[in-house]
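Comments concern the structure below.
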Amino acid sequence: MADRRAEAIAALTRALGHEFKNKALLEQALTHSSVGEGQALDARGRPFVDNQRLEFLGDRVLGLVVAERLMRDNPGADEGALSARLHALVDKPACARAAERLGIGAALRLSPGEAKQGGRRREGVLGDAMEAVLAAVWLDGGMEAAKALFDHAWAEEFARPISTTVANPKSAVQEWSLKHGRGLPTYAVLDRTGSDHAPTFTVEVRVESTEPLTGQGRSRQEAEKAAATALLKREGLV
907 MADRRAEAIA ALTRALGHEF KNKALLEQAL THSSVGEGQA LDARGRPFVD
957 NQRLEFLGDR VLGLVVAERL MRDNPGADEG ALSARLHALV DKPACARAAE
1007 RLGIGAALRL SPGEAKQGGR RREGVLGDAM EAVLAAVWLD GGMEAAKALF
1057 DHAWAEEFAR PISTTVANPK SAVQEWSLKH GRGLPTYAVL DRTGSDHAPT
1107 FTVEVRVEST EPLTGQGRSR QEAEKAAATA LLKREGLV
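Counting the sequence shown from 1 gives a position; the working numbering is that position plus 906.
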């Protein structure tokens, strides 16, 4: 098992395109909280620390890298459009997909229970680890190394149509609405049709100083997302 993980880490290092000077940073970035800080020891008998602090840092590094890239590549885009695009590129699903491309799952250090429950494929685990690895690269190699990793790991995300990358349109609408001084958006169910086991909800979204829009879905949540997506499209944000 140890040999298999060592091979996975070697493969990950090649995929990252960064040779760590401080290999302990990569080990920390790959150590899930389920291992238990102070309970498992490394080869030198020192307690392992998990990747939560690096995840915290990586989230900020990722936001800065994406914001700079979007500003550079979209000189004519307004703040609302940039915010919606940024949100889609830094959310957990996008981070998890980047982690899958790099092979982070196989290199993770998990507790036996977490591994048995599919932690190496779990979106939240992968997304958090991706942010932690990005932070580790930034600490070890600086901003240029972090940008190089981002450009490589997120290349497919930039190639995806914008409308399919907004994984949380409600959050994007809220961010846009607040930044333009229009308060919080509101959602209301206008109609519910169909049978109990296959209902269709119609939901209206309202934002101050804009015309309301509706969306439909098999659940209230799905209909709210559809309404939010319709608003983003109308405002030219996707």
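Backbone N, C-alpha and C define an ideal beta-carbon position, used for all residues, glycine too.
Alpha carbon to alpha carbon, what distance is there between residue j and residue i?
| i | j | result |
| --- | --- | --- |
| A994 | C1001 | 10 Å |
| T1070 | Q958 | For T1070, the pLDDT reaches just 47, beneath the cut-off of 50, and the residue's location in the model is therefore unreliable, leaving the point undetermined. |
| F1064 | S940 | 32 Å |
| E913 | E961 | 24 Å |
| V1113 | D984 | 19 Å |
| A1052 | A1061 | 14 Å |
| L1143 | A973 | 16 Å |
| L922 | A1129 | 39 Å |
| L988 | N1074 | 15 Å |
| P981 | K1131 | 29 Å |
| T1135 | H1103 | 25 Å |
| I915 | R1003 | 18 Å |
| G951 | R1027 | 29 Å |
| G1087 | Q1023 | 44 Å |
Among the candidates the options, whose CA atom is the shortest distance from the CA of residue i?
| i | options | result |
| --- | --- | --- |
| L1119 | W1044, R1098, E1081, K1139 | K1139 |
| R991 | E1114, W1082, Y1093 | W1082 |
| A1035 | S1077, M1049, Q1023, A1012 | A1012 |
| E933 | A1041, S989, G1024 | A1041 |
| E1050 | T937, A1132, K929, V971 | V971 |
| A935 | M977, L1032, A1021 | L1032 |
| E1037 | A916, L1096, S1115, A1005 | A1005 |
| L976 | F1056, V1039, G1048, D909 | F1056 |
| G1089 | G951, A1134, S1115 | S1115 |
| N928 | Q1023, V1039, R1027 | V1039 |
| G1048 | F926, D909, R911, R910 | F926 |
If we call anything under 8 Å between Cβ atoms a contact, is residue i one with residue j?
| i | j | result |
| --- | --- | --- |
| K900 | G986 | With the chain represented from 907 up to 1144, any question about residue 900 goes unanswered, as that position is not in the structure. |
| V955 | W1044 | no |
| Q1127 | T1108 | no |
| G964 | S1017 | no |
| V1079 | L1014 | no |
| L931 | D1046 | yes |
| T1099 | P1105 | yes |
| G969 | V996 | yes |
| A1054 | R1007 | no |
| G1030 | K998 | yes |
| A1094 | E1110 | yes |
| H938 | E1020 | yes |
By the DSSP assignment, the alpha helix (DSSP H) with residue i in it spans what residues?
| i | result |
| --- | --- |
| L933 | According to the sequence shown, residue 933 is Glu rather than Leu. Start and end: 929 to 935. |
Return the chain-ordered ranges of every beta strand (DSSP E) run that is complete within the stretch 1046 to 1130 and spans a minimum of 3 residues.
1092 to 1101, 1104 to 1112, 1119 to 1123
Only counting runs of 4 or more residues, tell me where the alpha helix (DSSP H) segments fall wholly within the stretch 963 to 1020, in order along the chain.
985 to 996, 998 to 1008, 1010 to 1013
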